[in-house]
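Note sheet for the following structure.
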Amino acid sequence: MAQFECVFPSAYSFDDILQYFHAHLTKNHGEYTGGSDYASGRVRVAVRVYERYSVMGDNYLSLTVTLVNDGGDTFASAISAAGRGNGLGVVFNWGEDKFLEIFSDGANMFEGMKVLKKG
């Protein structure tokens, strides 16, 4: 499992960030598999799950992206995880970092973005 967390300044809207990452991840070989949205007052939460196949690891990788906003800055968490591959019941994590890198590269396009956690 690999994780990246960051904060986007309030100059960027929650919807713009969400739409950007959806387009960025699906353009870079991630398949959208599901999501969930929640709002209460000024608080908004969006969860999106993407999947891709890793030839090197002979397995599927998932990337879960969570955005949270309370009317100010937007918090983002992206977690990649490898599934079972090769029919052996063995978990290979090859490709997790690369899938997460697609998200972090996209996050770096936002001026003023602050990394909270990487690894």
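Position in the sequence shown (from 1) plus 33 gives the number in this note's numbering. Built from N, CA and C at the ideal position, the CB exists for glycine as well.
- For E38, the three-state secondary structure derived from DSSP is strand.
- DSSP places F108 in the strand class (E or B) of the three-state scheme.
- Rounded to whole angstroms, V78 and E134 show a C-alpha spacing of 22 angstroms.
- Under DSSP, A115 shares a beta bridge with L94.
- DSSP places E64 in the uninterrupted beta strand (DSSP E) bounded by 64-73.
- A direct Cα-to-Cα measurement between L51 and L58 gives close to 11 angstroms.
- For Y45, there is no enclosing alpha helix (DSSP H), as DSSP gives it neither H nor E.
- About 7 angstroms separates the Cβ atoms of A109 and A140, confirming a contact at the 8 angstroms cut-off.
- Taking C-beta atoms under 8 angstroms as the contact rule, K151 and F37 qualify, at a distance of about 5 angstroms.
- A residue is called buried once 16 or more other Cβ atoms fall within 10 Å of its Cβ, and L94 is buried on that count.
- In the DSSP assignment, L100 forms a beta bridge with A79, A109.
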